[in-house]
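Take a look at the structure below.
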Amino acid sequence: MSTLEFRNVSKRYWVRGSGHLLALDDVSFTLASGQTIALVGQSGSGKSTIAKIITQLERQTSGDVLLDGTPIPRAGRGLRRYRQQVRMVFQDPFASLNPYHTIRHHIERPLRLDRVVPKFEVEDEVRRLLERVRLDPDELIDRRPHELSGGQRQRVAIARALASRPSLLIADEPVSMLDVSIRLGVLNLLADLQRESRLGVLYITHDLATARHFSDEIMVLHRGVVVERGPADRVILDPQHEYTRALRDASPDPDKHFGAAAGATTTGADS
Amino acid sequence: MTSDILLSVADFSVVYDVEPPVEAVREVSFTLRRGEILGLAGESGCGKTTLAYGIQRLLKPPAVITGGSALFHDESGDVVDLTRLDAEQTRRFRWDKISMVFQGAMNALNPVLPIGAQLGDVFTTHRPDLGRRERIEQCAALLDLVGVGRDRLRSYAHELSGGMRQRVMIAMALALKPQLMIMDEPTTALDVLVQREILLQISELRKAFGFSVIFITHDLPLLLEISDRIAIMRAGRIVELDTASQLYRDPQHDYTRKLLASFPSLTGERGDFVRGERAAS
Amino acid sequence: MRFLLSRAAFYLFTAWAAITINFFLPRMMKGDPISAYLAKNQGQISPEAIASLRTLFGLDTERTLLEQYIDYWGLLFSGDLGRSFSKGLAPVTEVIASALPWTVGLVGIATVLSFFLGTAAGAIIGWRRGSRADLVVPFATFFSTVPYFWMGLIAIAFFSTALGWFPASHAYDKGTQPGFTWEFISQVIAHGFLPALTIVVSSLGGWILGMRNMMITVLDEDYVTVAQAKGLTTRRVLGAYAARNAVLPQLSSFALSLGFIVGGTLVMELVFSYPGVGKLLLDATTAKDYPLMQGLFLVITLTVLVANILADVAYAALDPRTRQVEA
Numbered sequence: 002m003s004t005l006e007f008r009n010v011s012k013r014y015w016v017r018g019s020g021h022l023l024a025l026d027d028v029s030f031t032l033a034s035g036q037t038i039a040l041v042g043q044s045g046s047g048k049s050t051i052a053k054i055i056t057q058l059e060r061q062t063s064g065d066v067l068l069d070g071t072p073i074p075r076a077g078r079g080l081r082r083y084r085q086q087v088r089m090v091f092q093d094p095f096a097s098l099n100p101y102h103t104i105r106h107h108i109e110r111p112l113r114l115d116r117v118v119p120k121f122e123v124e125d126e127v128r129r130l131l132e133r134v135r136l137d138p139d140e141l142i143d144r145r146p147h148e149l150s151g152g153q154r155q156r157v158a159i160a161r162a163l164a165s166r167p168s169l170l171i172a173d174e175p176v177s178m179l180d181v182s183i184r185l186g187v188l189n190l191l192a193d194l195q196r197e198s199r200l201g202v203l204y205i206t207h208d209l210a211t212a213r214h215f216s217d218e219i220m221v222l223h224r225g226v227v228v229e230r231g232p233a234d235r236v237i238l239d240p241q242h243e244y245t246r247a248l249r250d251a252s253p254d255p256d257k258h259f260g261a262a263a264g265a266t267t268t269g270a271d272s
Numbered sequence: 033m034t035s036d037i038l039l040s041v042a043d044f045s046v047v048y049d050v051e052p053p054v055e056a057v058r059e060v061s062f063t064l065r066r067g068e069i070l071g072l073a074g075e076s077g078c079g080k081t082t083l084a085y086g087i088q089r090l091l092k093p094p095a096v097i098t099g100g101s102a103l104f105h106d107e108s109g110d111v112v113d114l115t116r117l118d119a120e121q122t123r124r125f126r127w128d129k130i131s132m133v134f135q136g137a138m139n140a141l142n143p144v145l146p147i148g149a150q151l152g153d154v155f156t157t158h159r160p161d162l163g164r165r166e167r168i169e170q171c172a173a174l175l176d177l178v179g180v181g182r183d184r185l186r187s188y189a190h191e192l193s194g195g196m197r198q199r200v201m202i203a204m205a206l207a208l209k210p211q212l213m214i215m216d217e218p219t220t221a222l223d224v225l226v227q228r229e230i231l232l233q234i235s236e237l238r239k240a241f242g243f244s245v246i247f248i249t250h251d252l253p254l255l256l257e258i259s260d261r262i263a264i265m266r267a268g269r270i271v272e273l274d275t276a277s278q279l280y281r282d283p284q285h286d287y288t289r290k291l292l293a294s295f296p297s298l299t300g301e302r303g304d305f306v307r308g309e310r311a312a313s
Numbered sequence: 004m005r006f007l008l009s010r011a012a013f014y015l016f017t018a019w020a021a022i023t024i025n026f027f028l029p030r031m032m033k034g035d036p037i038s039a040y041l042a043k044n045q046g047q048i049s050p051e052a053i054a055s056l057r058t059l060f061g062l063d064t065e066r067t068l069l070e071q072y073i074d075y076w077g078l079l080f081s082g083d084l085g086r087s088f089s090k091g092l093a094p095v096t097e098v099i100a101s102a103l104p105w106t107v108g109l110v111g112i113a114t115v116l117s118f119f120l121g122t123a124a125g126a127i128i129g130w131r132r133g134s135r136a137d138l139v140v141p142f143a144t145f146f147s148t149v150p151y152f153w154m155g156l157i158a159i160a161f162f163s164t165a166l167g168w169f170p171a172s173h174a175y176d177k178g179t180q181p182g183f184t185w186e187f188i189s190q191v192i193a194h195g196f197l198p199a200l201t202i203v204v205s206s207l208g209g210w211i212l213g214m215r216n217m218m219i220t221v222l223d224e225d226y227v228t229v230a231q232a233k234g235l236t237t238r239r240v241l242g243a244y245a246a247r248n249a250v251l252p253q254l255s256s257f258a259l260s261l262g263f264i265v266g267g268t269l270v271m272e273l274v275f276s277y278p279g280v281g282k283l284l285l286d287a288t289t290a291k292d293y294p295l296m297q298g299l300f301l302v303i304t305l306t307v308l309v310a311n312i313l314a315d316v317a318y319a320a321l322d323p324r325t326r327q328v329e330a
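Line by line, the protein sequences give chains A, B and C.
Each residue of the first sequence is one higher than the one before, counting from 2 in the working numbering.
Each residue of the second sequence is one higher than the one before, counting from 33 in the working numbering.
Each residue of the third sequence is one higher than the one before, counting from 4 in the working numbering.
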């Protein structure tokens, strides 16, 4: 069990010529194991800044980022433990895997580094992880990333993130670069894994529809400020903030366009 | 006006002449009516962009049109087979009758020419009789029309936001009052709020000028809202073509159903999505 | 405007640094060739010349370093670079001034010509990629790898010795009076032809290849496709869209090669015994003519700077993005 907490976090960037840019303005939230939160915002809203601060690629200008009540250590064993607990899945499955290494190598590495299992069990653990992300270990374990489809690659990236048995997973637009027909499969997988392992997942996305269905809560970010936060259905169906409403109304929604009755018909066709 | 049909494409095929050859578009047939918005949906590699480029004769080697015809029924009553035009005829035809709005406005504008010059280009090439003053006035009026404003004539692409750039592209596509506009993922790189503004603008302009649109995107929910009819493409073929509401209410092809199910509903309860499973489990 | 100011500040700083290094170098040199020379030629050198040499080479140790430095700048601003030992104690400024026009005229014209020809050819070959125009590529590669001096020797052997079409050396026939006479000008052209040809032939390939490769990259850009979809004429697409963008990286190489005109033509001037700056530098080195060497280094450094300034100005004129200060 772990809890990640942002407490009054702000981030300023210095921009030549025009002073500074406030990318995050006094952002506070907590993400606990077993919880799913969608972080929704448009480009420039600050959502990738939050991801960068969580992964410690950047440090906040002010405020605290705490894991189980203690600030993230800057180096050493504490930082390693933090990184083992909080894992990332990135947007681009083509860039996040090294083309020279086999799938086995990618998943073995965190297993060995974090000494998750004894050495003689590493191979079995790699296979177990691949099976957990619904990939066939016999078929894929010795392949290299370029021999896999985009969806398979993203599953490998998820298996790698899970290898160190984290309690929190940060998924930054995990499906936006995948073909539409496989997106749901990958999201459903993430949802299953989340339930099985009681993971806390921060789902960063610009897509309101998947945000609503994937997560318990939605947090709407606009120009560095959290303008609204609440249960997923409530935020989408009954938005309180005008920006949330504008986003919702601008998103394509054929069900509304064709009327609710049609929606019911398609539900029948799909199941 | 002679007929209701603007474009009729029959058995249109495109092959990428590599080893082994790839059949990118296979015997595609469809018709487009005057003033209609036809959506072309499919996943990456399904051939939708190749088909559009093929109609406009923009394919570069190794892509080759291997068969079929694309008849353009001009307002004047002439019927032109686009696949049989020679290079010079193609050049004259382009933009005058069919213009395009490309994917991601990022790179579609020449970074070293002011946008006014890029708009003016169209007139100097296709309307050489137009005087300099009149040409500049036309360009300025176009920028006003799409809400960019004539004071931007001297701006460069990097000085404009993504939404502004796409408006400039639309102004450019509108310049010669073409009868057909092909739009290839025109709003994909944009934020939803900007996307919605651009879509509204396209539909207003279409009402005002009456051109037809072939709208290409992988975003099926968006197509369902804006198109009159939608063609679903897969592996180089059109697997289903129907009115938007028919396609939505009663999809016939398995692939259409799968594609529809891939987009969870924003406000409805529909879908193969996690929440349903979660409720069941 | 801010862009130009920041560039100007940068160049002023670089020029200052180069001149300051030029001031300190002889002061760090071991031995004292200048004093030895002055002692040997006592009475032949005017007192002012001695004073300026002492300042230039740091012999005025009775003054503080700061005073020396200020004196040095004073000399530079008055155009006094000392006296050349090997050229009969003529002022260094005059010696260099008499060689500079030959180098700048011959190599400058040849380099500019080669750049324009090569870039234009590269643009067309790149535009027609995959066609027979690509046959030029192996030839261009070959000629861009052939050493300069070898090409010069072949040119002399063939066009001068065997065919006798062009003179093999010097800038004009001995005994001809320089001036605006037809005889003199025609001789300059005849004498300059072979060296110029060598420069053009050996550098043309590089320009062709560079431009062709950039063209191929640029042709894949969306805006070229858009230009074609707009039904623009081939000439317009090629010129204003493709080549206009592809030429930008060429400009930096062009600035570099302009900078090397003065300093880098030593081999050519040697092969053709051409009375330019390169040959002058060689003569100065063999004669241990330190004042002339120091003067030449200064001139060469400043030409590289000037060439870079020109390239910056050209870049700013052609690429609107560089004019913008990061927002």
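Backbone N, C-alpha and C fix where the C-beta goes; we use that ideal spot for every residue, glycine too.
Sufficient close CB pairs (3 or more, under 8 Å) joining the segment 239-255 of chain C to the segment 139-156 of chain C:
no
Give, in chain order, every residue of the segment 112-138 of chain C whose Cβ lies closer than 9 Å to some Cβ of chain B.
Gly133
Compare the Cα-Cα distances from alanine 96 of chain A to each of A:Leu179, A:Met220 and A:Asp250 and report the closest residue.
Against the first sequence, residue 96 of chain A aligns to sequence position 95. Taking only the C-alpha atoms, the option nearest alanine 96 of chain A is A:Leu179.
Answer yes or no: does any C-beta atom of chain A fall closer than 8 Å to that of arginine 307 of chain B?
What you label residue 307 of chain B is simply residue 275 of the second sequence in a count that begins at 1. Note that arginine 307 of chain B scores a pLDDT of 45, beneath 50, so its modelled location is shaky; the value from the coordinates is reported in the next line. Output row for arginine 307 of chain B: interface = yes.
Hey, which unbroken runs of the beta strand (DSSP E) at 3 residues or more fall wholly within the segment 51-124 of chain A?
63-68 and 87-90
Got a sec? Which residues, its chain only, sit under 6 Å from glycine 209 of chain C by beta carbon, not counting five neighbours each side?
Residue numbering aside, residue 209 of chain C sits at position 206 when the third sequence is read from its first letter. These residues qualify, in order along the chain: Ser147.
Are leucine 174 of chain B and leucine 145 of chain B close, meaning C-beta to C-beta below 8 Å?
Against the second sequence, residue 174 of chain B aligns to sequence position 142. Against the second sequence, residue 145 of chain B aligns to sequence position 113. No; because the gap between Cβ atoms is not below 8 Å, this pair is not in contact.
Establish whether the CB of glutamine 253 of chain C and some CB of chain B are separated by less than 8 Å.
Locating residue 253 of chain C in the third sequence gives position 250, where the first residue counts as 1. So no, glutamine 253 of chain C is outside the interface.
I'd like to know whether the C-beta of lysine 290 of chain B is nearer than 8 Å to at least one C-beta of chain A.
Walking along the second sequence from the start, residue 290 of chain B turns up at place 258. Chain A, which has a Cβ nearer than 8 Å to the Cβ of lysine 290 of chain B, makes this yes.
Give me the Cα-Cα distance between methionine 215 of chain B and glycine 152 of chain B, rounded to the nearest whole angstrom.
As a working mapping, residue 215 of chain B is identified with position 183 in the second sequence. As a working mapping, residue 152 of chain B is identified with position 120 in the second sequence. Between methionine 215 of chain B and glycine 152 of chain B, the C-alpha separation is close to 21 Å.
Expressed to the nearest angstrom, what Euclidean distance is found between the alpha-carbon atoms of alanine 172 of chain A and phenylalanine 241 of chain B?
Start at 1 with the first residue of the first sequence, and residue 172 of chain A comes out as number 171. Start at 1 with the first residue of the second sequence, and residue 241 of chain B comes out as number 209. If you take the alpha carbons of alanine 172 of chain A and phenylalanine 241 of chain B, they lie about 45 Å apart.
The segment 4-14 of chain A in contact with the segment 63-76 of chain A per 3-pair CB rule at 8 Å
yes
Please decide whether phenylalanine 241 of chain B counts as near chain C, where near means a Cβ-Cβ distance under 8 Å.
The residue labelled residue 241 of chain B in the question sits at position 209 within the second sequence. Output row for phenylalanine 241 of chain B: interface = no.
Could you give the distance in angstroms between the alpha-carbon of glutamate 243 of chain A and the alpha-carbon of glycine 79 of chain A?
For this step, residue 243 of chain A is matched to residue 242 along the first sequence. For this step, residue 79 of chain A is matched to residue 78 along the first sequence. Distance between the alpha carbons of glutamate 243 of chain A and glycine 79 of chain A: 42 Å.
What's the C-alpha gap between lysine 282 of chain C and serine 87 of chain C?
As a position in the third sequence, residue 282 of chain C is number 279, starting the count at 1. As a position in the third sequence, residue 87 of chain C is number 84, starting the count at 1. Straight-line Cα distance between these residues: approximately 15 Å.
Residues of the segment 228-249 of chain C with Cβ closer than 9 Å to any Cβ of chain B, in chain order:
Thr228, Val229, Ala230, Gln231, Ala232, Lys233, Gly234, Leu235, Thr236, Thr237, Arg239, Ala243, Tyr244, Arg247 and Asn248
Output, in chain order, the set of chain C residues within a Cβ distance shorter than 9 Å of methionine 196 of chain B.
To locate residue 196 of chain B, count along the second sequence from 1; it is residue 164. Correct list: empty, because the minimum Cβ distance to chain C is about 14 Å.
Could you give the residue range of the beta strand (DSSP E) that holds proline 104 of chain C?
The sequence position of residue 104 of chain C within the third sequence is 101, counting from 1. Note, proline 104 of chain C: premise wrong, no beta strand (DSSP E); alpha helix (DSSP H) at 95-106.
How about leucine 212 of chain B and leucine 38 of chain B: do their beta carbons lie closer than 8 Å?
Position 180 of the second sequence, counted from the start, is the residue given in the question as residue 212 of chain B. Position 6 of the second sequence, counted from the start, is the residue given in the question as residue 38 of chain B. Yes, they are a contact pair.
Proline 232 of chain A - containing beta strand (DSSP E), residue span:
For the purposes of this step, residue 232 of chain A is taken as residue 231 along the first sequence, with counting starting at 1. Unbroken beta strand (DSSP E) run through proline 232 of chain A: 226-232.
Could you check what DSSP says for tyrosine 14 of chain A in three-state terms: helix, strand or coil?
Looking up residue 14 of chain A in the first sequence gives position 13. Correct three-state label for tyrosine 14 of chain A: strand.
Compute the Euclidean distance between the alpha carbons of isoleucine 104 of chain A and proline 253 of chain B, then round it to the nearest angstrom.
The sequence position of residue 104 of chain A within the first sequence is 103, counting from 1. The sequence position of residue 253 of chain B within the second sequence is 221, counting from 1. Going from the Cα of isoleucine 104 of chain A to the Cα of proline 253 of chain B covers about 35 Å.
Where do the ends of the beta strand (DSSP E) carrying glycine 201 of chain A lie?
Residue mapping note: residue 201 of chain A aligns to position 200 of the first sequence, counting from 1. Element bounds for glycine 201 of chain A: 201-206.
Chain B beta carbons: is any one of them nearer than 8 Å to that of tyrosine 226 of chain C?
Position 223 of the third sequence holds residue 226 of chain C. Chain B, which has a Cβ nearer than 8 Å to the Cβ of tyrosine 226 of chain C, makes this yes.
Rank C:Ser101, C:Gly125 and C:Phe187 by C-alpha distance to the C-alpha of alanine 143 of chain C and give the top, closest one.
Position 140 of the third sequence, counting from 1, holds the residue named residue 143 of chain C. The residue with the shortest Cα to Cα distance from alanine 143 of chain C is C:Gly125.
Can you look up valine 236 of chain A in the DSSP assignment and give me helix, strand or coil?
On the first sequence, position 235 is the one that residue 236 of chain A refers to. Valine 236 of chain A: helix per DSSP, three-state reduction.
Counting along the chain, where does the beta strand (DSSP E) carrying leucine 185 of chain A start and finish?
In the first sequence, the residue the question calls residue 185 of chain A occupies position 184. Element bounds for leucine 185 of chain A: not the beta strand (DSSP E) but the alpha helix (DSSP H), 181-198.
Please confirm if glutamine 43 of chain A has its CB atom under 8 Å from at least one CB of chain B.
Walking along the first sequence from the start, residue 43 of chain A turns up at place 42. True, the Cβ-Cβ gap to chain B drops below 8 Å.
According to DSSP, simplified to helix, strand and coil, what is valine 221 of chain A?
Here residue 221 of chain A corresponds to residue number 220 of the first sequence, with the count starting at 1. Strand at valine 221 of chain A.
Straight-line gap, alanine 149 of chain B to arginine 197 of chain B (C-alpha atoms, nearest Å):
Residue 149 of chain B sits at position 117 when you count from the first residue of the second sequence. Residue 197 of chain B sits at position 165 when you count from the first residue of the second sequence. Near 14 Å, if we compare the C-alpha coordinates of arginine 197 of chain B and alanine 149 of chain B.
Nearest-angstrom Cα distance between glycine 167 of chain C and isoleucine 159 of chain C?
The sequence position of residue 167 of chain C within the third sequence is 164, counting from 1. The sequence position of residue 159 of chain C within the third sequence is 156, counting from 1. Distance between the alpha carbons of glycine 167 of chain C and isoleucine 159 of chain C: 9 Å.
Taking CB distances under 8 Å as the criterion, tell me whether proline 323 of chain C reaches chain B.
By one-based count along the third sequence, residue 323 of chain C stands at place 320. By this cut-off, proline 323 of chain C is an interface position.
Closer than 8 Å to chain B by CB, valine 328 of chain C:
Numbered from its first residue, the third sequence carries residue 328 of chain C at position 325. Model confidence at valine 328 of chain C stands at a pLDDT of 47, short of 50, so the residue's coordinates are unreliable and nothing is read from them.
Closer than 8 Å at the beta carbon, the chain B residues around proline 253 of chain A
Mapped onto the first sequence, residue 253 of chain A falls at position 252. Going along chain B in sequence order, the residues near proline 253 of chain A (Cβ under 8 Å) are Asp251, Pro253, Leu254, Leu256, Glu257 and Leu298.
At 7 Å on the CB atoms, spell out the chain C contacts of alanine 140 of chain B, in chain order.
Residue 140 of chain B sits at position 108 when you count from the first residue of the second sequence. Per Cβ cutoff of 7 Å: Asp225, Tyr226 and Val229.
Close Cβ partners of arginine 228 of chain A (< 6 Å) along its chain, the five nearest in sequence each way excluded:
As a working note, residue 228 of chain A is residue 227 in the first sequence. Reading off the sequence shown, one finds valine at residue 228 of chain A, where the question assumed arginine. Cβ neighbours of valine 228 of chain A beyond the five flanking positions: Val221, His242 and Tyr244.
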